[in-house]
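> Got a structure for you, written out below as structure tokens; questions coming shortly.
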Amino acid sequence: MTDPRHIHISDYNYPLPDERIAKFPIAQRDHSKLLLYKHGEVGEDMFYNLPKYLPKGALMVFNNTKVIQARMHFRKTDANGDHTGALIEIFLLEPAEPSDYELMFQTSGHCAWYCLVGNLKKWKGGALTREIEINGQKITITATRGPIHGTSHRIDFTWSINDHSFAEIIDAIGELPIPPYLNRDTQESDKTTYQTVYSKIKGSVAAPTAGLHFTPEVLAAIDAAGIDREELTLHVGAGTFKPVKSEEIEGHEMHTEYISVRRDTIQKLIDHDASAIAVGTTSVRTLESLYYMGLKVLRNPNLSETQLHVSQWEPYGQEHIGDCPLCAPLDSLKALASWMDAHDLKVLNSSTQIIIAPGYDYKIVKMLVTNFHQPQSTLLLLVSAFVHGDWHKIYDYALAHDFRFLSYGDSSLLIP
Numbered sequence: 063m064t065d066p067r068h069i070h071i072s073d074y075n076y077p078l079p080d081e082r083i084a085k086f087p088i089a090q091r092d093h094s095k096l097l098l099y100k101h102g103e104v105g106e107d108m109f110y111n112l113p114k115y116l117p118k119g120a121l122m123v124f125n126n127t128k129v130i131q132a133r134m135h136f137r138k139t140d141a142n143g144d145h146t147g148a149l150i151e152i153f154l155l156e157p158a159e160p161s162d163y164e165l166m167f168q169t170s171g172h173c174a175w176y177c178l179v180g181n182l183k184k185w186k187g188g189a190l191t192r193e194i195e196i197n198g199q200k201i202t203i204t205a206t207r208g209p210i211h212g213t214s215h216r217i218d219f220t221w222s223i224n225d226h227s228f229a230e231i232i233d234a235i236g237e238l239p240i241p242p243y244l245n246r247d248t249q250e251s252d253k254t255t256y257q258t259v260y261s262k263i264k265g266s267v268a269a270p271t272a273g274l275h276f277t278p279e280v281l282a283a284i285d286a287a288g289i290d291r292e293e294l295t296l297h298v299g300a301g302t303f304k305p306v307k308s309e310e311i312e313g314h315e316m317h318t319e320y321i322s323v324r325r326d327t328i329q330k331l332i333d334h335d336a337s338a339i340a341v342g343t344t345s346v347r348t349l350e351s352l353y354y355m356g357l358k359v360l361r362n363p364n365l366s367e368t369q370l371h372v373s374q375w376e377p378y379g380q381e382h383i384g385d386c387p388l389c390a391p392l393d394s395l396k397a398l399a400s401w402m403d404a405h406d407l408k409v410l411n412s413s414t415q416i417i418i419a420p421g422y423d424y425k426i427v428k429m430l431v432t433n434f435h436q437p438q439s440t441l442l443l444l445v446s447a448f449v450h451g452d453w454h455k456i457y458d459y460a461l462a463h464d465f466r467f468l469s470y471g472d473s474s475l476l477i478p
């Protein structure tokens, strides 16, 4: 596999006028446009016709993560205790204590997160407080700044009434973090439109946007067409919007994202000969990471879940991982399934930092449903790798044929 570290991100630029960025979704999710790229040929249809382009008997994989209301605002208090001071924004990134997502949202009384802090220079020290009301009860939320953790801060939260979970707290105090490039405030409608209809597992700070086009009707049509569906979870981090600022992508650090995959899902992948149709780049990163996790356990069956973490450059420039040659995807998934059985795991919880760029050799994903991504982004690199460098043809067509771009924009089905 070719090492892509010296790719120049400027080679992945294209003109994107602001008016082509969809600021709001269309009224009916499945009435978005669908670009069709198949073996180098480009055409278009409507998204509700997607099922007719999918092969019967294939496996389609969705990311069922749910976006949380991760943006919280506090005002500093003045000498009289009035909340009239500087506005401080706290943006939840990942759980610190407890570190498990599911436990975090169930916890009551106290928890801690790693967060980005806006207007940090105005928060010299001391606690921030805010009063909210849940079911008629007044509750005081307190935020205390802890040590720096990488580029984020640990923030400890306490609340005065322990009857309420942290999930209830952020539902009451938080705002849904729509993408910064929309250049608008979050609206009440975003709480519905910026979630997929199949979202279940809370934890993302950005939506897996390829899934926003699906409706119950389209999902039913997929089932009727004889296509299997499976779900996995990757919690999308704020790093998904992080621009590549280095000239070569070697200088860009990918964010770590947390994944959760059921043993049954891995079995379904095995039953489909380690081949899948991925809905969205988050599903791609999860599925492709599973391959490298399988290689790790082939080498060392005594690894823990956290030790299965896939680092950014791990897939590149190697024919072996340790003494283990790169093997067929099916063999790798079988090894991972056996490892889970040996450790009595029904769900695999680990993480990935994988970067997929031209030079990457896809292992599991054979078709991809995805939106149109920002210029000079890691997501555009992923698409280019998938279509063997043919991304210009796709994006030139989309720009010339009035497609809407980015999170609330139109979709594409890519078949290399």
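Throughout the sequence shown, residue numbering follows this note's numbering, covering 63 to 478 in sequence. Note that the Cβ used here is the ideal one computed from N, Cα and C, for glycine as well.
1) Thinking L410 and M402 are a contact (beta carbons under 8 Å), I'd like their distance in whole angstroms, please.
2) Quick one, are the C-beta atoms of S413 and Y320 less than 8 Å apart?
3) Excluding five sequence neighbours on each side, which residues of the same chain lie with their C-beta closer than 6 Å to the C-beta of Y99?
4) Short check: CB of Q257 to CB of K85, under 8 Å?
5) Rounded to the nearest angstrom, how far is the Cβ of D472 from that of S94, given a contact under 8 Å?
6) Can you check which of these residues, D406, V306, G313, S227, is closest to R67 by C-alpha distance?
7) Would you kindly check if the distance between the Cβ of A174 and the Cβ of G212 is under 8 Å?
8) Could you give the DSSP three-state label for A189: helix, strand or coil?
9) Output yes or no for whether 8 Å exceeds the beta carbon distance between S222 and I194.
10) Roughly how many whole angstroms lie between the Cα atoms of A447 and W185?
11) Starting from S473, follow its DSSP beta bridges and name the residues at the other end.
12) If you pair each beta-carbon of the stretch 118 to 126 with each one of the stretch 285 to 294, do three or more pairs fall below 8 Å?
13) Where does D233 sit, in a helix, a strand or coil, going by DSSP?
14) Relative to the C-alpha of A397, which candidate in R361, L178, V280, E237 has its C-alpha closest?
15) Cutting at 6 Å between CB atoms, please list the residues of its own chain near A234, excluding the five before and the five after it.
16) How far does the alpha helix (DSSP H) with I45 in it reach, from first residue to last?
17) Which of the three DSSP states, helix, strand or coil, is assigned to R157?
18) If you check the beta carbons only, do P305 and Q438 fall under 8 Å apart?
19) Ends of the alpha helix (DSSP H) at G356?
20) Let me confirm a value: T432 is counted as buried when at least 16 other C-beta atoms fall within 10 Å, else exposed. Which label applies?
21) Within its chain, find whatever has a CB closer than 7 Å to the CB of E106; leave out the 5 residues flanking it on each side and keep chain order.
22) Under a three-way DSSP split, which group does H211 fall into?
23) Pick out the complete beta strand (DSSP E) segments inside the stretch 277 to 309, 3 residues or longer, and give them in chain order.
24) Tell whether a beta-carbon distance below 8 Å holds between V427 and A338.
25) Decide if P242 is buried, meaning its Cβ has at least 16 other Cβ atoms within 10 Å, or exposed.
26) Using a Cβ-Cβ cutoff of less than 6 Å, which residues in the same chain neighbour E151 once the five nearest sequence positions on both sides are dropped?
27) Please say whether I416 and Q374 have beta carbons closer to each other than 8 Å?
28) With DSSP as the reference, label F467 as helix, strand or coil.
29) So, under 8 Å CB-CB, K408 and R324 are touching, yes? Tell me the CB distance rounded to an integer number of Å.
30) Could you tell me whether any non-hydrogen atom of the ligand MG is closer than 7 Å to the CB of M122?
31) Let me check one thing: in DSSP terms, what residues is Q199 bridge-paired to?
32) Can you give me the C-alpha to C-alpha distance between E237 and D247, rounded to a whole angstrom?
33) Cβ atoms of G102 and D452: under 8 Å apart, would you say?
34) Determine the closest residue to L274 out of Q329, G342, V298, I332, with distance taken between C-alpha atoms.
35) Can you tell me which of I263, E250, I328 puts its alpha carbon nearest to the alpha carbon of Y163?
36) Judging by CA-CA distance, which residue of E159, T204, A399 is the nearest neighbour of G187?
Reading from the atomic positions:
1) 6 Å
2) yes
3) I456, L476
4) no
5) 5 Å
6) G313
7) no
8) coil
9) no
10) 43 Å
11) L96, N433
12) yes
13) helix
14) R361
15) I194, I196
16) Lying outside 63 to 478, the shown extent of the chain, residue 45 is not represented and no answer is given.
17) Note on residue identity: the sequence assigns Pro, not Arg, to residue 157. If DSSP states are grouped into helix, strand and coil, P157 belongs with the strands.
18) yes
19) 343 to 361
20) buried
21) K95, L96, L97, L98, H463
22) strand
23) 290 to 297
24) yes
25) exposed
26) H135, G180
27) yes
28) strand
29) 7 Å
30) With respect to the ligand MG, the structure shown offers nothing to examine, as it has no ligands at all.
31) I196
32) 10 Å
33) yes
34) G342
35) I263
36) T204
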